[in-house]
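From first to last, the protein sequence lines are chains D and U.
My numbering applies: residue 1 is where the first sequence begins, and numbers increase by one.
My numbering applies: residue 1 is where the second sequence begins, and numbers increase by one.
What follows is a short report on a single structure.
There are 2 protein chains.
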Amino acid sequence: MNPNSPGTIAVVGSGAVGCYYGGMLAHAGGDVRFLMRADLEKVRRDGLTIQTRGETLKVAARASASVEEIGPVDLVIVALKATANAALDALLPPLLHERTALVTLQNGLGNEEYLAQRWGAERVLGALCFVCLNRIAPGVIEHLDHGTISVGSFGRPAGPRAHGLVDALQGAGIEAKTVDGLVEERWRKLLWNIPFNGLSIAAAGATVGDVLADEGLRGQARALMSEGLDAARRLGHDIPESFADFQIERSFSMGPYRTSSLIDWQLGRPVEVEAIWGEPLRQGTRAGAAMPRLELLYHLLRKVTP
Amino acid sequence: MNPNSPGTIAVVGSGAVGCYYGGMLAHAGGDVRFLMRADLEKVRRDGLTIQTRGETLKVAARASASVEEIGPVDLVIVALKATANAALDALLPPLLHERTALVTLQNGLGNEEYLAQRWGAERVLGALCFVCLNRIAPGVIEHLDHGTISVGSFGRPAGPRAHGLVDALQGAGIEAKTVDGLVEERWRKLLWNIPFNGLSIAAAGATVGDVLADEGLRGQARALMSEGLDAARRLGHDIPESFADFQIERSFSMGPYRTSSLIDWQLGRPVEVEAIWGEPLRQGTRAGAAMPRLELLYHLLRKVTP
Numbered sequence: 001m002n003p004n005s006p007g008t009i010a011v012v013g014s015g016a017v018g019c020y021y022g023g024m025l026a027h028a029g030g031d032v033r034f035l036m037r038a039d040l041e042k043v044r045r046d047g048l049t050i051q052t053r054g055e056t057l058k059v060a061a062r063a064s065a066s067v068e069e070i071g072p073v074d075l076v077i078v079a080l081k082a083t084a085n086a087a088l089d090a091l092l093p094p095l096l097h098e099r100t101a102l103v104t105l106q107n108g109l110g111n112e113e114y115l116a117q118r119w120g121a122e123r124v125l126g127a128l129c130f131v132c133l134n135r136i137a138p139g140v141i142e143h144l145d146h147g148t149i150s151v152g153s154f155g156r157p158a159g160p161r162a163h164g165l166v167d168a169l170q171g172a173g174i175e176a177k178t179v180d181g182l183v184e185e186r187w188r189k190l191l192w193n194i195p196f197n198g199l200s201i202a203a204a205g206a207t208v209g210d211v212l213a214d215e216g217l218r219g220q221a222r223a224l225m226s227e228g229l230d231a232a233r234r235l236g237h238d239i240p241e242s243f244a245d246f247q248i249e250r251s252f253s254m255g256p257y258r259t260s261s262l263i264d265w266q267l268g269r270p271v272e273v274e275a276i277w278g279e280p281l282r283q284g285t286r287a288g289a290a291m292p293r294l295e296l297l298y299h300l301l302r303k304v305t306p
Numbered sequence: 001m002n003p004n005s006p007g008t009i010a011v012v013g014s015g016a017v018g019c020y021y022g023g024m025l026a027h028a029g030g031d032v033r034f035l036m037r038a039d040l041e042k043v044r045r046d047g048l049t050i051q052t053r054g055e056t057l058k059v060a061a062r063a064s065a066s067v068e069e070i071g072p073v074d075l076v077i078v079a080l081k082a083t084a085n086a087a088l089d090a091l092l093p094p095l096l097h098e099r100t101a102l103v104t105l106q107n108g109l110g111n112e113e114y115l116a117q118r119w120g121a122e123r124v125l126g127a128l129c130f131v132c133l134n135r136i137a138p139g140v141i142e143h144l145d146h147g148t149i150s151v152g153s154f155g156r157p158a159g160p161r162a163h164g165l166v167d168a169l170q171g172a173g174i175e176a177k178t179v180d181g182l183v184e185e186r187w188r189k190l191l192w193n194i195p196f197n198g199l200s201i202a203a204a205g206a207t208v209g210d211v212l213a214d215e216g217l218r219g220q221a222r223a224l225m226s227e228g229l230d231a232a233r234r235l236g237h238d239i240p241e242s243f244a245d246f247q248i249e250r251s252f253s254m255g256p257y258r259t260s261s262l263i264d265w266q267l268g269r270p271v272e273v274e275a276i277w278g279e280p281l282r283q284g285t286r287a288g289a290a291m292p293r294l295e296l297l298y299h300l301l302r303k304v305t306p
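Here's what the structure looks like:
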C-alpha cells in the first residue's frame with residue numbers, strides 16, 4: 001500500500017460533489033464513511049448509485065447519521081456548501097485524530113483559512129473540482145461532464161498527503177493532479193466565477209450565453225476580471241491579462257449554461273456569496289486593489305440572495 | 001396681460017405629470033390643449049379631475065386626438081416618458097410656429113438636447129418637477145405631495161419665457177421658481193435618482209428604506225453619488241460633496257417609498273434607462289470621469305428592464 005494513501009475517509013456534506021468523489025473512492029476499494037441525513041436510509045439500504053460515462057456504478061457506501069458513529073478518520077473530505085461552514089465547528093472534532101488531514105472541495109476563498117484557523121494549517125488541503133454533477137434522486141448521482149480535480153496543500157507546495165490523495169483519485173478513475181499554488185488556482189477559477197456567477201443572478205437569470213451576447217454585460221464581465229487580476233497580482237499571484245481574455249473566449253461555447261450560483265438562487269438555496277464575492281473583495285481591498293464593480297455586485301448579491 | 005405669458009399651450013404626453021401641470025394652468029384660465037389617446041372620450045365628456053389638498057378641481061380641458069387638430073401654439077409642454085422621445089419627431093412639427101417655446105418636464109439628461117437638436121436651442125426650456133402624482137382613473141389625477149417645479153432655459157440663464165411660465169404656474173397655485181443652471185439642477189436630481197432608482201430595481205424591488213437599512217447598499221448609493229459628483233464637476237457644475245451626504249440623510253424619512261423607476265419596472269412599463277443612467281454615464285465618461293459602478297448598474301438595468 002502507498003505510504004501516502006489517504007487511509008480512512010469521512011465525507012462531510014454528502015451532496016453531489018461529496019457523493020461523487022467519495023463514492024468513486026469507495027468504489028475503488030477505499031474506506032469511506034458518509035455523514036448523511038436526508039438520504040441516510042436509502043443509502044444504507046441500496047448504497048450509492050453513480051451514473052457516469054454510460055455506466056451505472058453501485059457503491060456499497062457506509063452511511064452514518066452522526067460523526068460520533070463514524071469516529072476519528074485519516075482524511076475528512078469537506079463538501080458542505082461554504083455557507084454552512086459554521087456547522088463544521090461541531091461536526092469535525094469527533095472525526096479528528098492528531099494527524100487527520102482535512103481537504104475542502106468547496107468554492108471560493110476562505111475555506112482553507114476557516115479550517116486552518118480552527119484545526120491547524122498543517123493538516124489542511126484544498127481541491128478545485130471542475131465537474132458537472134446532479135443529484136437526481138436520494139443516493140443517485142448523475143455525472144454529466146468533466147471531473148478533473150486539482151489538489152494542493154494550504155500555504156505551501158503540494159505535499160505527500162496531496163500526492164497521496166491524487167494517487168487514490170487517479171486509482172478511482174478520476175482525472176486528478178496536484179497544484180503547488182492552490183490559492184492562485186482559486187483566483188484563476190474566481191476570475192470566471194465572480195463575473196459569470198455574479199452577473200447571472202444580478203441580471204435576474206442570465207445564462208452564460210446571455211451575458212456574452214449582451215455587449216455591455218460582456219464588457220462588465222471583462223472589467224470584473226481586470227479587477228480580480230489586479231487583486232490577485234497584489235496578493236502575489238502573477239496571472240497574465242491574456243488569461244482573462246482566454247476565459248471570455250472559451251465561454252462562448254457554453255451557450256445557455258446556467259451557473260451553479262444561478263441554479264442555487266433559482267431554487268431558493270443559499271448562494272456562496274462570501275466565498276465567491278465577499279472574501280475576494282476583502283482580500284483584494286486589503287492588498288490595495290480598487291474593486292468598485294465587485295463591491296457593487298457583492299452588495300447587490302447579498303441583498304437578493306436568501 | 002403679462003407680456004411673457006405663455007400664451008396658447010399644448011400638452012404632449014397626457015400622463016399624470018402633463019395632466020397635473022397642464023390642468024392646473026387650464027383651471028387658472030390658461031388656454032391649454034391636451035393631446036390624448038386613451039382618456040380622450042372621457043375627458044371630452046367630463047373634463048379633467050384633479051384631487052389636490054383636500055379639494056377636487058373640475059377642469060373643462062380641451063382634449064384632441066391629433067396634433068393637427070390642435071395646430072400651432074405658443075408653448076408645448078413635453079411630458080412623455082423619455083423612452084418615447086422618437087415619437088416627438090412626428091408630434092411636434094404641427095404644433096410649432098416660428099417662436100413656439102418647448103418645455104420638457106421629463107426626467108434625466110438628454111431631453112433638452114433632443115429638442116434643441118431638432119427645433120433649435122433658443123426655444124427650449126426645461127423643468128424639474130418634485131411632485132407625487134397618481135393617475136387613478138381616466139382623466140382623474142390624484143396629487144399626493146409636493147409639486148414644486150423649477151424652470152430654466154436650456155444652455156443659458158433663465159430668460160423671459162422661463163419667467164413667464166413660472167409666473168403662470170404660480171398664478172395657478174403651484175410652487176414654481178426659475179433656475180439659471182438648469183443642467184446643474186438636473187445633475188443634483190440625478191445624484192439621488194441614479195443610486196436610489198437604480199438600486200431599487202437592481203436589488204429586485206428594494207424601497208428607499210430597504211436600500212438605506214442595508215449598510216452595504218447604502219455605501220454603494222453614496223459611492224454612486226461620488227461618481228456623479230465627480231462627473232458633474234468635470235462638466236462645470238460645482239456641487240459640494242456635502243450635498244451628497246445631505247441627500248442620503250434626507251432620504252431616511254422616506255421609509256418604504258418605491259421610486260418611480262421601480263414602480264415602472266414592477267408594472268412592466270419602460271424605464272428611462274438612457275435618460276437617468278446612460279446619458280450621465282456617457283457625458284461623465286467623455287469628461288474624463290471614472291464611473292465603474294454606474295457602468296455596471298447601467299448595463300444591468302438595460303438587461304433587466306423591458
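The beta-carbon is built from N, C-alpha and C at its ideal position, and this holds for glycine as well.
When the five nearest sequence neighbours on each side are left out, the beta carbons in the same chain lying within less than 8 Å of the beta carbon of D/R293 are those of Q220, A223, L224, E227, in order along the chain. In the structure shown, the three-state DSSP call for D/T49 is strand. Across the stretch 286 to 297 of chain D, CB contacts with chain U closer than 8 Å involve P292, R293, E295, L296, L297, in sequence order along the chain. The continuous beta strand (DSSP E) containing U/D145 extends over residues 140 to 153. As the crow flies, the alpha-carbon of D/L133 is around 11 Å from that of D/Y21.
For the stretch 222 to 253 of chain U, the set of positions with a beta-carbon nearer than 9 Å to some beta-carbon of chain D reads A223, L224, E227 in chain order. Note on geometry: alpha-carbon atoms of U/L96 and U/E272 lie some 26 Å from one another.
At a beta-carbon threshold of 7 Å, the residues of chain U lying near D/L300 are A202, A203, ordered along the chain. Per DSSP, U/E98 is one residue of the beta strand (DSSP E) stretching across 96 to 104. In terms of Cβ geometry, U/V17 and U/A79 form a close pair [threshold 7 Å]. Interface flag for U/V304 against chain D is set, since a Cβ pair is found closer than 7 Å. Taken through DSSP and simplified to helix, strand or coil, D/E55 comes out as strand. Classified as buried, U/I141 has 16 or more neighbouring CB atoms from the shown chains inside 10 Å of its CB. Assignment of beta-bridge partners to D/F34 by DSSP yields D/V11, D/A63.
Taken atom to atom, the span from the alpha-carbon of U/G173 to that of D/I194 is near 54 Å.
When rounded, the separation of the alpha-carbon atoms in D/G108 and U/C19 is 54 Å.
With 16 or more other CB atoms across the displayed protein chains lying within 10 angstroms of its CB, U/Q283 is buried. Between the alpha carbons of D/A158 and D/A287 lies a distance of about 25 Å. Only exposed fits U/D238, as fewer than 16 other CB atoms lie within 10 angstroms of its CB. Under the Cβ criterion of 7 Å, U/Q220 is counted among the residues facing chain D. In this chain, the beta strand (DSSP E) harbouring D/L128 covers 124 to 137.
For the 7 Å CB-CB criterion, D/V166 and D/A127 do not form a contact. Among the residues facing chain U, D/L281 is not included, as its CB has no counterpart in that chain under 7 Å away. With its beta carbon at least 7 Å from every one in chain D, U/G255 lies outside the interface.
Look at D/L217: its C-beta is under 7 Å from a C-beta on chain U.
Interface residue (Cβ-Cβ distance to chain D less than 7 Å): U/D214 is classified as such. Note that the C-beta distance between U/V304 and D/A213 is not below 7 Å. In summary, D/Q266 is exposed, with fewer than 16 beta-carbon neighbours lying within 10 Å of its beta-carbon over all protein chains present.
Rounded to the nearest angstrom, the gap between the Cα atoms of D/H163 and U/L217 is 44 Å. For the pair D/E68 and D/T49, the Cα-to-Cα distance works out to about 25 Å. The straight-line gap separating the alpha-carbon atoms of D/L296 and D/P306 is approximately 18 Å.
Annotation for U/L75: the continuous beta strand (DSSP E) segment containing it runs 73 to 78. Taking C-beta atoms as the reference points, D/G139 and D/V43 count as a pair closer than 7 Å. Beta-bridge analysis with DSSP links U/T178 to U/V151.
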